Amino acid sequence: MLVFLLLLTQATSPLDQLAAKLQAAPAWQAEFSQSFVPAGLTRGSQEHGTFTFAHPSRVRFDYQSDPKRTFAVDGSLARMVDAEAGTCQALELSQGAWASLPLVTLTDPGALRGFFTVEEKAEAITLLPRQPSPELARVVVHLGPDGLPQEVLVEDGSGNLNLFRFSRWRAQKTVARELFSPSLPGQPSCLPGGDNPRPQR
1426 MLVFLLLLTQ ATSPLDQLAA KLQAAPAWQA EFSQSFVPAG LTRGSQEHGT FTFAHPSRVR
1486 FDYQSDPKRT FAVDGSLARM VDAEAGTCQA LELSQGAWAS LPLVTLTDPG ALRGFFTVEE
1546 KAEAITLLPR QPSPELARVV VHLGPDGLPQ EVLVEDGSGN LNLFRFSRWR AQKTVARELF
1606 SPSLPGQPSC LPGGDNPRPQ R
């Protein structure tokens, strides 16, 4: 707690304060909902589940809405596992795709400011890529009363929107790194371009 208070004391901007808060615990979990709205539309599909984050660059989404699946990232390696379908897909993320993931860049304000132009208000942080790409046009982080992200809006270069809403944040004392390398039951974690067989039934 003392370290956390010292970090907040030294933090001078909303981004620095958010980074300090996220760094105050080894990992965090929250409930999330995700809405994808294609460009030109006002409504889109919605899913929900549990979100896990461990700094500096590990995230996991456990989707509880159908189809139930897990999407996890460790560094720049992403995996999507659908146990019911028997599929495990892995790929290396481009810089733009990696930067569009909620929270992965927020614990290192120095590096983030090298990649983004940052616009800060007390309740919102807007990130605009210094080198625009089709994958990412802007990220807007809206902070809740607890100082943690309440909404994260990601817009790509075509105008498609991904809106993540977070609630019930709770700090975690420890999270195993293996959590961010999901696999099919009884199988090793899949690799990009690898042969990823269906599980035996």
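Under our numbering, the first residue of the sequence shown is numbered 1426, with each subsequent residue one higher.
All C-beta atoms in this analysis are idealised placements derived from N, C-alpha and C, irrespective of residue type, glycine included.
Owing to the predicted nature of the structure, the values given are computational and were not obtained by experimental measurement.
Residue i: first and last residue of the uninterrupted beta strand (DSSP E) it sits in
i	result
F1476	S1470 to A1479
A1597	Looking at the sequence itself, residue 1597 is Gln, so the reference to Ala does not match. L1586 to Q1597 is the extent of the beta strand (DSSP E) around Q1597.
L1616	Unbroken run through L1616: none, as it is neither H nor E.
F1457	A1452 to V1462
Whole-angstrom distance between residue j and residue i, CA atom to CA atom
i	j	result
P1613	E1603	11 angstroms
G1521	F1541	11 angstroms
R1485	R1595	15 angstroms
L1537	L1531	7 angstroms
C1513	L1609	7 angstroms
L1433	L1518	At L1433 the pLDDT is 45, less than 50, meaning the model places this residue with poor confidence; the figure from the coordinates comes in the next sentence. Looking at the two C-alpha atoms, the distance is approximately 32 angstroms.
P1439	G1611	44 angstroms
L1481	A1562	Just to set this straight, residue 1481 is Pro in the shown sequence, not Leu. In a straight line, the C-alpha of P1481 is about 22 angstroms away from that of A1562.
T1543	A1445	Sequence inspection shows Val at residue 1543; the Thr mentioned does not correspond to that position. If I take the Cα positions, the gap works out to 17 angstroms.
Y1488	P1534	29 angstroms
L1573	G1511	35 angstroms
L1597	Q1454	Per the sequence shown, the amino acid found at residue 1597 is Gln instead of Leu. Near 7 angstroms, if we compare the C-alpha coordinates of Q1454 and Q1597.
Sequence-distant residues of its chain with Cβ nearer than 6 angstroms to residue i (five each side left out)
i	result
L1616	A1515
V1564	L1552 and V1579
W1523	S1501
R1590	S1458 and E1576
F1605	R1483, R1485, A1497 and D1499
P1470	As written in the sequence, residue 1470 is Ser, which differs from the Pro given in the question. Contacts found: F1461.
H1567	A1549, Q1575 and E1576
Endpoints, the alpha helix (DSSP H) within which residue i is located
i	result
D1491	Note, D1491: premise wrong, no alpha helix (DSSP H); not H, not E.
A1445	P1439 to Q1448
Residues near residue i in its chain [Cβ-Cβ closer than 8 angstroms; skip 5 each side]
i	result
G1465	G1584
Inset, instruction - Could you tell me whether the region 1580-1593 touches the region 1536-1552, where touching means 3 or more Cβ pairs closer than 8 angstroms? - result: With the cut-off at 8 angstroms, the region 1580-1593 and the region 1536-1552 do not touch.
Legend entry - Continuous beta strand (DSSP E) assignments of at least 3 residues falling wholly in the region 1495-1522: Annotation: the region 1495-1522 contains the following complete segments of the beta strand (DSSP E) (minimum length 3 residues), in chain order: 1502-1507 and 1512-1517.
Legend entry - Cβ contact (3+ pairs, closer than 8 angstroms) linking the region 1554-1568 and the region 1499-1511: Counting Cβ pairs under 8 angstroms, fewer than three are found: no touch.
Inset, instruction - Identify every run of the alpha helix (DSSP H) within the region 1530-1594, keeping only runs that are complete inside it and at least 4 residues long; order them along the chain. - result: Fully enclosed alpha helix (DSSP H) runs of 4 or longer: 1534-1540.
Inset, instruction - Check whether the region 1439-1450 touches the region 1484-1504, taking contact to mean three or more Cβ pairs, one atom from each stretch, closer than 8 angstroms. - result: Touching, no.
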